[in-house]
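Undergrad:
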Amino acid sequence: MLPEQHLKNQNTSNGGSALDASQLTQLQQATANYSSLQLAWASGYLAAKSEQGQNAQVLPAPAAVAVAKTLTILYASQTGNAKGVATQLATTATDAGITVNLKNISDYKAKSLKSESHLLIVASTNGEGEPPDDAIEFHEFLSGKKAPKLPNLRYSVLALGDSSYEFFCQTGKDFDERLKALGAEQVTPRVDCDVDYDSDSQSWSLNIIESLKEELTQTDAGLAPVYDLPVTAGAASQYNKQNPLLAEFSLSQKITGRDSAKDVRHIEIDLGESGLTYQAGDALGVWFENDKQLVAELLATLNFTGEEQVTLKVSGEDKSFNLEEALTEQLEITQTAPAFIEYWANVSGDEALLTVAADKNTAREYAANHQIVDVIAAAKADISAQDLADSLRKITPRLYSIASAQAEVEEEVHLTVGLVEYDENGQLRTGGASGYLANRLEEGQSVKVFVEHNDNFRLPANGDTPVIMIGPGTGVAPFRAFMQQRDADEAAGDNWMFFGDQTFTQDFLYQVEWQGYLKSGLLTRLDLAFSRDQAEKIYVQDRLRENAQELFAWLERGAHVYICGDMSRMAKDVEAALLEIIAEQGSLSEEQAKEYLKDLRNAKRYQKDVY
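In structure tokens:
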């Protein structure tokens, strides 16, 4: 029963002794902006007044409400990085005696901003400058006309991103600019972090706590006690990015044909008795070492021996390495950041590279297609070993969508890894992690891993719910896990898979398994798109359009839609096809179709795992 109904019923049954409609309205207006602690105080105050009787003397309310200022920490996270930083920040703040309210930004009522005194936001950026799925509604509210003025709010933003993308840290920038425009005051300037964010995020966190500790731990004498609200961040494993599990590498099996243009591996890793758990939809973080041959080539190009000593910051502490060790174990040399292009252009003075660096889009494209050694070879310069180390980003673990369900494989975890491999001026170049997993690790050796939970890519809680999965190429990985989990759960819901690649005979990943699921009835439909098996190229988005009527019927009966794979083209093309189908089959305008898809996303019925 709603509070209003309860009061109205009580008013009728008690002969008018409870609040009338006008008094109820006044009470609601008076308490509308109260925090939970303020409501608790008011409740106790009114209860005491009631017990003393109508004619008894009542102590006046204190001039200030008996609450200490709370530090609200919101995280907007797509894959878990922002959540991890925010959780650690909340722990540090709590240890400093600060009352903390930690929330996923999707669980936060944006209208509560006007009641906040101190706010910290840790925000990742998704895709091409888009907010993470959990942050879409908050982002829209903050950008809209209903956002309140915030003259009493003190805040700061930590933005996580990847400088390889055009809209680097855009979500964090958006939040910072809007809060500032609404009158809020920065505690400290926004910090934009690249993929190797550990050091910058730690410095920002410590600086924030130091800046806020005094004002957030002060309480006025005579006020009611303040109770710390529990900080919940889900079940935490002892293994994480900073403390990975040393697991056993047990299998690397090529699952594309001999004549395929691609080399895709099915990887199996034994978690042993670690107790490490994961869910279908999660990712596995893999730490890797660089190829020793590539390191030797880089050293030779710069005329270094490898014995030169360099100092690197590791876990917040300065540590010494010889240059060969640093390049093998600590520094990123296979993925080139646009910032390195600019740095090397200035150091070398090379006119061609300076021209590339002058245009950000050109620099990003050049960086994406050249490893560090290729940039250095193209424009020679003399620098010290320490300057080289300082110019490179730290190695960051690669995240792979998990291709298994623990209900099926128990103490194992499976991955589907496409080997990154190409020719650069006669030299074979391979990806850092994919080359490590496919070529350099041997069965029985150890590999450092951790689970990155992804609550934005989950099967529906109700097993009767229909599921539509769209995963061409290695995007098939999480849907193999989905099917294993649905099978183990004996879920009755229909399952429809859209898979595509280049050729049926060479590139149909896990073909036998998909055909087995189709035969057993667990997989209701399987639609395939092999682009090079006919003159006209056919992609998964074409298969979606061919089945528009039935696909829309599935949506109308509650189906969840999942996309996994390439962010830059496939995911955009699939979303465009979905919008066309929704508009056409639902007789909706373009704007109405966008609103329909937005509603699906807000209801967690449209989820993407793209890279």
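Residues -15 to 595, numbered by our numbering, are exactly what the sequence shown covers, in order. Backbone N, C-alpha and C fix where the C-beta goes; we use that ideal spot for every residue, glycine too.
Is it a yes or a no for the region 284 to 297 touching the region 432 to 441, going by three-plus beta-carbon pairs under 8 angstroms?
TA: These segments do not touch.
Undergrad: Please name the residue, chosen from W538, T54, R529, that lies closest to E564 on a Cα-to-Cα basis.
TA: E564 has its Cα closest to that of R529, out of W538, T54, R529.
Undergrad: How is Q429 classed by DSSP in three states: helix, strand or coil?
TA: Q429 falls in the coil class under three-state DSSP.
Undergrad: Under three-state DSSP, which class holds A587?
TA: Reduced to three states, the DSSP call for A587 is coil.
Undergrad: For the putative contact between I105 and L73, defined by C-beta atoms under 8 angstroms, what is the C-beta separation to the nearest angstrom?
TA: About 11 angstroms; that fails the 8 angstroms criterion.
Undergrad: Excluding the 5 residues preceding and the 5 following G542 in the sequence, name in chain order all residues of the same chain whose CB lies nearer than 8 angstroms to its CB.
TA: So the qualifying residues of the chain are T449, P450, R589.
Undergrad: Could you give the C-beta distance for E232 and I253, rounded to a whole number, given that I count them as a contact under 8 angstroms?
TA: 7 angstroms between Cβ atoms; contact.
Undergrad: Using only the alpha-carbon positions, how far apart do E600 and K276 sit?
TA: The shown model of the chain, from -15 to 595, leaves out residue 600, and the question about it has no answer.
Undergrad: Take F536 as the anchor and find which of Q319, F122, A561 has the nearest alpha-carbon.
TA: Measuring from the Cα of F536, the nearest candidate turns out to be A561.
Undergrad: In angstroms with no decimal places, state the Cα-to-Cα distance between K161 and K98.
TA: With the sequence shown as reference, residue 161 is identified as Glu, and Lys is not the correct amino acid for it. If I take the Cα positions, the gap works out to 17 angstroms.
Undergrad: Output needed for T63: all residues of its chain with C-beta closer than 7 angstroms, excluding positions within five of it in sequence on either side, in chain order.
TA: Excluding positions up to five away in sequence, the list reads A267, L383, E436, N438.
Undergrad: Is the distance from the Cβ of L190 to the Cβ of F159 below 8 angstroms?
TA: No, the pair does not count as a contact, with Cβ atoms beyond the cut-off.
Undergrad: Could you check the C-alpha separation between D665 and D517 for me, to the nearest Å?
TA: This structure cannot settle anything about residue 665, because the visible part of the chain is limited to -15 through 595.
Undergrad: Nearest to V460 by alpha carbon, out of P116, T380, H250, K297?
TA: Considering only alpha carbons, the answer is H250.
Undergrad: Out of Y181, K297, G111, R464, which has the shortest C-alpha to C-alpha gap to M554?
TA: When each option's Cα is compared against that of M554, the closest is G111.
Undergrad: How many angstroms separate the CA atom of R442 from the CA atom of S61?
TA: Computed Cα separation, rounded: 15 angstroms.
Undergrad: Whose C-alpha, out of L403, V545, E579, K303, is nearest the C-alpha of D478?
TA: Closest by alpha carbon: V545.
Undergrad: Using the Cβ count rule (16 or more neighbours within 10 Å means buried), how would you classify G415?
TA: Buried, because 16 or more other Cβ atoms sit within 10 Å of the Cβ of G415.
Undergrad: Alpha carbon to alpha carbon, how far is A77 from G259? Give it in angstroms, no decimals.
TA: Looking at the two C-alpha atoms, the distance is approximately 29 angstroms.
Undergrad: Note down the Cα distance separating L311 from I317, rounded to an integer number of angstroms.
TA: Near 7 angstroms, if we compare the C-alpha coordinates of I317 and L311.
Undergrad: Cβ atoms of G500 and F661: under 8 angstroms apart, would you say?
TA: Past the boundaries of the shown model lies residue 661; the chain is included only from -15 to 595, so the question cannot be answered.
Undergrad: Please say whether L296 and A373 have beta carbons closer to each other than 8 angstroms?
TA: Their beta carbons are under 8 angstroms apart, which means A373 touches L296 by this criterion.
Undergrad: Going by the CB atoms, is the gap between D247 and A422 shorter than 8 angstroms?
TA: Against a cut-off of 8 angstroms, the Cβ pair of D247 and A422 comes out as a contact.
Undergrad: For T508 and W480, I'd like the C-alpha separation in whole angstroms.
TA: Spanning the two alpha carbons is a distance of roughly 6 angstroms.
Undergrad: With a Cβ-Cβ cutoff of 8 angstroms, do A107 and A66 count as a contact?
TA: Yes, the pair counts as a contact, with Cβ atoms nearer than the cut-off.
Undergrad: Is the beta carbon of Q390 less than 8 angstroms from the beta carbon of Y262?
TA: Their beta carbons are under 8 angstroms apart, which means Q390 touches Y262 by this criterion.
Undergrad: Specify the secondary structure class of R516 as computed by DSSP and reduced to three states.
TA: Residue state, collapsed to three classes: coil.
Undergrad: Roughly how many angstroms separate the alpha carbons of V397 and I547, rounded to a whole number?
TA: In a straight line, the C-alpha of V397 is about 21 angstroms away from that of I547.
Undergrad: Compute the Euclidean distance between the alpha carbons of T75 and R413, then round it to the nearest angstrom.
TA: Spanning the two alpha carbons is a distance of roughly 42 angstroms.
Undergrad: Would you kindly check if the distance between the Cβ of A352 and the Cβ of D597 is under 8 angstroms?
TA: Nothing about residue 597 can be read from this structure; the chain reaches only from -15 to 595.
Undergrad: Near Q469, what residues of its chain come up, given a Cβ to Cβ distance below 7 angstroms and the 5 sequence neighbours on each side ignored?
TA: The answer, listed in chain order, is A264, A389, A391, L443.
Undergrad: Quick one: what's V548 bridged to in DSSP?
TA: Strictly speaking, residue 548 in this sequence is Cys, with Val absent from that position. C548 pairs with D593.
Undergrad: Would you kindly report the start and end of the unbroken alpha helix (DSSP H) that includes K53?
TA: Looking at the DSSP string, K53 is not in any alpha helix (DSSP H), and its letter there is neither H nor E.
Undergrad: So, with DSSP's three-state summary, where would you put E316?
TA: Coil at E316, not helix or strand.
Undergrad: Would a C-beta distance cut-off of 8 angstroms place A342 and P322 closer than the cut-off?
TA: Contact: no.
Undergrad: Quick check: what's the CA-CA separation for L166 versus V141?
TA: Approximately 15 angstroms between the Cα atoms of the pair.
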